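In order, the protein sequence lines correspond to chains A and B. Taking numbering that gives the first Met the number 0, I'd label the letters of the first sequence as residues 0 to 232. Taking numbering that gives the first Met the number 0, I'd label the letters of the second sequence as residues 0 to 232. Where a beta carbon is used, it is the ideal one built from N, C-alpha and C, also for glycine. Treat the numbers as computed from the prediction; the structure is a model and nothing was measured.
There are 2 protein chains.
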Amino acid sequence: MSQINPQRYFDCEDCLFRTISCQYIQKEEFEKLRSKSVQLRYKKGEVILKQGAKSTHFLFLRKGIIKFNYEDENGKNLILSINKAPALIGGANLVNAEFNLFSVCAIEDCEGCTIDVALLTRIALGNTLYLFKMLQFITDVFRSSIFNFISLAHKQVNGRIADILIFLSQNIYMNDAFVLSLSRQEFAEFAGCSKENVIHTLRKFHNEGLITVEGKKIILNDPERLQKISKHG
Amino acid sequence: MSQINPQRYFDCEDCLFRTISCQYIQKEEFEKLRSKSVQLRYKKGEVILKQGAKSTHFLFLRKGIIKFNYEDENGKNLILSINKAPALIGGANLVNAEFNLFSVCAIEDCEGCTIDVALLTRIALGNTLYLFKMLQFITDVFRSSIFNFISLAHKQVNGRIADILIFLSQNIYMNDAFVLSLSRQEFAEFAGCSKENVIHTLRKFHNEGLITVEGKKIILNDPERLQKISKHG
DNA sequence: TTAAAAAACTGCATTATTTCACCTTTCGAT
DNA sequence: ATCGAAAGGTGAAATAATGCAGTTTTTTAA
Numbered sequence: 000m001s002q003i004n005p006q007r008y009f010d011c012e013d014c015l016f017r018t019i020s021c022q023y024i025q026k027e028e029f030e031k032l033r034s035k036s037v038q039l040r041y042k043k044g045e046v047i048l049k050q051g052a053k054s055t056h057f058l059f060l061r062k063g064i065i066k067f068n069y070e071d072e073n074g075k076n077l078i079l080s081i082n083k084a085p086a087l088i089g090g091a092n093l094v095n096a097e098f099n100l101f102s103v104c105a106i107e108d109c110e111g112c113t114i115d116v117a118l119l120t121r122i123a124l125g126n127t128l129y130l131f132k133m134l135q136f137i138t139d140v141f142r143s144s145i146f147n148f149i150s151l152a153h154k155q156v157n158g159r160i161a162d163i164l165i166f167l168s169q170n171i172y173m174n175d176a177f178v179l180s181l182s183r184q185e186f187a188e189f190a191g192c193s194k195e196n197v198i199h200t201l202r203k204f205h206n207e208g209l210i211t212v213e214g215k216k217i218i219l220n221d222p223e224r225l226q227k228i229s230k231h232g
Numbered sequence: 000m001s002q003i004n005p006q007r008y009f010d011c012e013d014c015l016f017r018t019i020s021c022q023y024i025q026k027e028e029f030e031k032l033r034s035k036s037v038q039l040r041y042k043k044g045e046v047i048l049k050q051g052a053k054s055t056h057f058l059f060l061r062k063g064i065i066k067f068n069y070e071d072e073n074g075k076n077l078i079l080s081i082n083k084a085p086a087l088i089g090g091a092n093l094v095n096a097e098f099n100l101f102s103v104c105a106i107e108d109c110e111g112c113t114i115d116v117a118l119l120t121r122i123a124l125g126n127t128l129y130l131f132k133m134l135q136f137i138t139d140v141f142r143s144s145i146f147n148f149i150s151l152a153h154k155q156v157n158g159r160i161a162d163i164l165i166f167l168s169q170n171i172y173m174n175d176a177f178v179l180s181l182s183r184q185e186f187a188e189f190a191g192c193s194k195e196n197v198i199h200t201l202r203k204f205h206n207e208g209l210i211t212v213e214g215k216k217i218i219l220n221d222p223e224r225l226q227k228i229s230k231h232g
């Protein structure tokens, strides 16, 4: 994450953020944003934004998978949501410019571009359609977590784990078979239960033929039945 | 909720929404908004916005207490948040103009004013500072629910109920003693547990002298110890 | 390559939570 | 004023979830 000699890892030409931005704002304005941007790479496990810190930049995540993490007063972690690129990260502070409420961490190797919040805000305030678009981007990340919370709030662990498996398959890995980016501990922090409970439950689903678990490799053999478990709670 | 003969229950002169709006937009523009508004009263229990419906208006809640309610596929309810006036209700749809994700119901008698979404959006798009202010209003309602979710996600029932008691005391009733607007069933839907568990736990806190429960009347005798229970989980 | 550390896993005792069956109180409508 | 429905409440059995103590497997770094 060295910034001494700003490195260029990828080309801006095919950047989605650029494409979308340039539908709303002038190329010259985008160039201003870009001149303040730095390309960064994060290894799996690295912290991108730290809870409690004041962040001066967003990150346009171009590649990779991240988690939003909240650490409570006892040091217990909760994963609020998991998102994959492309996404605009750090937006909880656009409307409400305070300290980061959550951390954002890479759970797979990531690359992206910092975006200066002050400058983006200035540009967006002069262009409501662009502002609107940015807000959509930001709330996307947020909204996905709502249904996870609902699942958490009134399903038991079986249903919650079924929900997470379906979510990962459909929204993150886009495949019935995937290699889990989360440790069992992290899975538990996402499901709001103990890691033992995650292990027991995955094993049970495995023994019932519902899924195949082999270390980090998971295959959903019967998504329909998983849906039923999710629904039943 | 008769709209045949639009009734005037209260005076617009001292309306907070008007005061705030007029800091950003012209009086004439506010008059346009107002001309499309209707003053409404809701009895405790009435539905203000219905989950799944397409809402053409926000409600500026001028007086009263409301709940955000999500009903799942099995008919189970979850209360996402509880808010008191003043608040701008229905904003989940401003950025993302779809159907209502949640219902909003009065849990105390309420009064407020409808606000035409299309017109408000049009005005806000022409005035970014106003748009920003409206977004702040809307996300306020949202943000308060986040910490309730965190509580839900990794505390046990004792801690969750302690959290809710503290929340109600500090954020809704602004007093250590209050008359609960929720039934035990609703309390359970907020705490994400069974109503029996709510009753048992309130009784336990009562027996320990932590709180005094007498039907709907609740007094927090020892908020500090309650905080400790909340913290310990 | 190997030793140490971290993560995955297991079964079980303990604790938390739900569910059920049933009783009592409160409240609103006739 | 009375009936019936809804809400509040109780205790106990059944179920779910956690936390522990220990083993195995995988990963990491020297």
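Within 10 angstroms of the Cβ of residue i, are there 16 or more other Cβ atoms? Answer buried if so, exposed if not.
i	result
R202 of chain B	exposed
V178 of chain B	exposed
R121 of chain A	exposed
R159 of chain B	buried
T113 of chain B	buried
M133 of chain B	buried
H153 of chain B	buried
S34 of chain A	exposed
N82 of chain A	buried
F283 of chain B	Nothing can be reported for residue 283 of chain B, as the shown portion of chain B is limited to 0 through 232.
A117 of chain A	exposed
C21 of chain B	exposed
E185 of chain B	buried
G51 of chain B	exposed
T138 of chain A	buried
Using alpha carbons as the reference points, say which of the options lies closest to residue i.
i	options	result
G111 of chain A	A:C11, A:N220, A:K216	A:C11
R183 of chain A	A:S20, A:T200, A:L58, A:P85	A:T200
D162 of chain A	A:A176, A:T138, A:F189	A:F189
L77 of chain B	B:N147, B:Q38, B:I198, B:S168	B:N147
Q38 of chain A	A:A84, A:L87, A:Q6, A:P222	A:Q6
N126 of chain B	B:S80, B:Q25, B:K230	B:Q25
L181 of chain A	A:I149, A:F136, A:D115, A:I217	A:I217
N220 of chain B	B:K230, B:K194, B:H205, B:F186	B:H205
F29 of chain B	B:E207, B:R142, B:D115	B:D115
E70 of chain B	A:K194, A:S150, A:I198, A:G191	A:S150
G63 of chain B	B:L100, B:K53, B:I106, B:I198	B:I106
S193 of chain A	A:K75, A:E27, A:I145	A:K75
K31 of chain B	B:L119, B:M173, B:G232, B:N73	B:L119
N170 of chain A	A:K53, A:T55, A:P85	A:P85
Which residues bound the alpha helix (DSSP H) around residue i?
i	result
L87 of chain A	Per DSSP, L87 of chain A belongs to no alpha helix (DSSP H); it is in the beta strand (DSSP E), 86-88.
G158 of chain A	156-166
Q184 of chain A	183-190
K31 of chain A	26-34
N196 of chain A	194-206
A17 of chain B	According to the sequence shown, residue 17 of chain B is Arg rather than Ala. 15-23 is the extent of the alpha helix (DSSP H) around R17 of chain B.
R224 of chain B	222-231
Report all residues from its chain with a CB closer than 6 angstroms to the CB of residue i; omit the five preceding and five following residues, and keep chain order.
i	result
L130 of chain A	A123
R17 of chain A	C11
T196 of chain B	Before going on, a small fix: residue 196 of chain B reads as Asn here, not Thr. So the qualifying residues of the chain are V156.
F136 of chain B	L87
S143 of chain B	S80
Could you spell out where the beta strand (DSSP E) holding residue i opens and where it closes?
i	result
N147 of chain A	Note, N147 of chain A: premise wrong, no beta strand (DSSP E); alpha helix (DSSP H) at 127-153.
Q38 of chain A	38-41
T211 of chain B	210-213
K83 of chain B	76-83
Please list, in chain order, all residues of the same chain as residue i whose beta carbon is under 8 angstroms from its beta carbon, the five residues on each side excluded.
i	result
C104 of chain B	G44, E45, V46, I47, I65, K66, N68
R224 of chain A	L209
P222 of chain A	I165, S168, D175
I88 of chain B	I47, L48, F57, L58, F59, L60, I65, N82, V103, G111, V140
T211 of chain A	H205, I217, I218, N220
M0 of chain B	Because the pLDDT of M0 of chain B is 48, which lies under 50, any placement of that residue in the model is unreliable, and the number read from its coordinates should be weighed accordingly. Hits under 8 angstroms: L39, R40, Y41, E45.
Whose C-beta lies closer than 7 angstroms to the C-beta of residue i among residues of the same chain, with five residues either side of it excluded?
i	result
K215 of chain A	V178, L179
L128 of chain B	Y23
Q2 of chain A	Here Q2 of chain A scores only 46 on pLDDT, less than 50, and its place in the model is too uncertain to base an answer on.
Y8 of chain B	Q38, R40, E110
I257 of chain B	Past the boundaries of the shown model lies residue 257 of chain B; chain B is included only from 0 to 232, so the question cannot be answered.
Any heavy atom of the ligand SAM within a distance shorter than 8 angstroms of the CB on residue i?
i	result
V46 of chain B	Ligands displayed in this structure: none; no statement on the ligand SAM is therefore possible.
When Cβ atoms are compared, which residues of the segment 144-157 of chain B fall closer than 8 angstroms to chain A?
-> Answer in chain order: I145, F148, I149, L151, A152, H153.
Please name the residues in the segment 62-73 of chain A whose beta-carbon is closer than 9 angstroms to at least one beta-carbon of chain B, in chain order.
-> Across the segment 62-73 of chain A, CB contacts with chain B closer than 9 angstroms involve Y69, D71, E72, N73, in sequence order along the chain.
The segment 167-189 of chain A: which residues have C-beta closer than 7 angstroms to a C-beta of chain B, in chain order?
-> Correct list: empty, as no residue qualifies.
Output, in sequence order along the chain, the residues in the segment 41-56 of chain A whose CB is closer than 9 angstroms to any CB in chain B.
-> Those would be none; no residue qualifies.
Residues in the segment 198-225 of chain A having any Cβ partner in chain B nearer than 7 angstroms = So the list is empty, because no residue satisfies the distance condition.
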